[in-house]
Amino acid sequence: MGDKTMPVTGGCLCGAVRYEAEAFLHNTSYCHCRMCQRASGAPVQVSVFIRPETLRFTSGEPKYYQSSSFGERGFCPNCGSQLIWRSRSAEHPEWTNLGVGCLDHPEHFVPASHEGVESQLPWFNIDDDLPRRRTEDDPEVAAAWAVVDQGKE
Ligand SMILES: [Zn+2]
Ligand SMILES: [Zn+2]
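Numbering (our numbering), first residue to last: 135 to 287.
So, in structure tokens, the structure goes:
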């Protein structure tokens with residue numbers, strides 16, 4: 135990802151967990167997948183990719199729930215805000231991303247695509263022309279899930 139980054143700060147609803155990082159300016163997306171729906175309780179999650187090595191917690195620490203073999207979701211142990219999806223993949227550390235709603239300035243990060251549209255809710259109407267992808271359309275993501283599926287056999 136050769137995109138420009140900008141420094142961001144953010145934190146959870148109660149303020150116990152605060153962070154800073156460098157986030158990619160043009161790498162924000164909606165995710166409609168069932169895991170994001172369940173994790174957030176919302177029809178869609180919006181997140182932005184960051185340079186993982188720049189992430190620093192300036193107050194508190196999230197608790198992590200490992201939601202797949204290649205990722206874990208960090209949330210405030212006090213208020214439950216969904217803060218981060220952290221890559222557990224040695225091959226793809228760059229998949230780490232922050233929930234845009236927890237940024238101090240979410241308005242700077244404009245979604246550029248819809249992911250996981252196979253689970254988009256039929257009543258959730260989006261009036262935009264952004265690219266729409268199914269989870270299986272991203273070869274790297276599909277490959278990561280293929281490894282997970284093999285492990286279940
Ligand atoms: Zn909190
Ligand atoms: Zn998702």
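Cβ coordinates follow ideal geometry from the N, Cα and C atoms, glycine included. Source: prediction; values computed, not measured.
Query	Result
Does the distance from the C-beta atom of G208 to that of A150 stay below 7 Å?	no
Given T188, which residues of its chain have a CB within under 7 Å of its CB, disregarding the five upstream and five downstream residues?	A155 and E156
Who are the Cβ neighbours of R266 in its own chain at under 6 Å, not counting the five residues just before and after it?	H248 and V251
What three-state label does DSSP hand C236 in the structure shown?	helix
Check E225 in the structure and name its three-state DSSP category.	coil
Applying the 10 Å Cβ sphere with the 16-neighbour rule, what's the burial state of W257?	exposed
Evaluate the contact criterion for the segment 214-234 versus the segment 180-187: three or more CB pairs, one atom per stretch, below 8 Å.	yes
Identify whether S174 lies in helix, strand or coil by the three-state DSSP scheme.	helix
Is the separation between the beta-carbon of Y164 and that of V180 shorter than 7 Å?	yes
So what does DSSP say about T139, is it helix, strand or coil?	strand
Spatial neighbours of D137 within its chain, please: C-beta separation below 7 Å, excluding the five flanking residues on both sides.	F158, L159, H160 and N161
In chain order, what are the residues with a CB under 6 Å from some non-hydrogen atom of ligand 1?	C146, L147, C148, A150, V151, C210, N212, C213 and S215
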